[in-house]
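Residue numbers (this note's numbering): 8 to 155.
We put the beta carbon where it would ideally sit given N, CA and C, even for glycine.
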C-alpha cells in the first residue's frame, strides 16, 4: 500500500505541476483568470466585442479627428506665443530676455514639428490608407464582375 500511495502522490504532484505550467502560460498570454485573497475570481477586461472592423470611412473619420486636434494645437500655440511675446516686451534690458527668445524659438520648432507629424504622419497616413482600401475594394469588385 505504501508503494501505491507513493505512486499516487508522485502522479498527483506531476499533474499539479503540469497545471501550474499551463496556468503560467495562460498568465503570460493574459488569458488566465485572476483571483483575490479570498479565492474569488477577479473579472477580466470585459466582454469580447468581436473583431475590429476597419473601413475607409472609419479611417477618414479618425483623420478628421487628427485634423481637429491639429487645429486645437495651433490655437493653443497662438495663445502661448502671444503670452511669451507679452512677457518678453516687459523684460527689455534684462539678462533673461535672451533665454526667453531661445525658449520661444525652440517652442516654435517643436510645435511646427508636431503639426507636420499630425498632418502628414497621422491624418495623411489615415487618408492614404482609406484611399488604398477603396482602390483594393474597386479592384476586387472588378475581378468579381469579370468572373461572373
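Classification of residue i by the beta-carbon crowding that lies within 10 angstroms, buried from 16 upward
i, result
"residue 133", "buried"
"residue 83", "exposed"
"residue 94", "exposed"
"residue 8", "Only weak support is given to the placement of residue 8: the predicted model assigns it a pLDDT of 49, under 50, and the question is left unresolved by the model."
Contact test: residue i Cβ vs the ligand ATP heavy atom, cutoff 8 Å
i, result
"residue 20", "Although the ligand ATP was asked about, the structure shown includes no ligands whatsoever."
Simplified DSSP state of residue i, which is helix, strand or coil
i, result
"residue 97", "coil"
"residue 107", "helix"
"residue 125", "helix"
"residue 153", "helix"
"residue 60", "coil"
"residue 102", "coil"
"residue 139", "helix"
Cβ-Cβ distance between residue i and residue j below 9 Å
i, j, result
"residue 77", "residue 24", "no"
"residue 114", "residue 73", "no"
"residue 111", "residue 92", "yes"
Three-pair Cβ contact test at 8 Å for the segment 83-102 versus the segment 131-148: no
Three or more C-beta pairs below 8 Å linking the segment 141-151 and the segment 64-76: Short answer: they don't touch.
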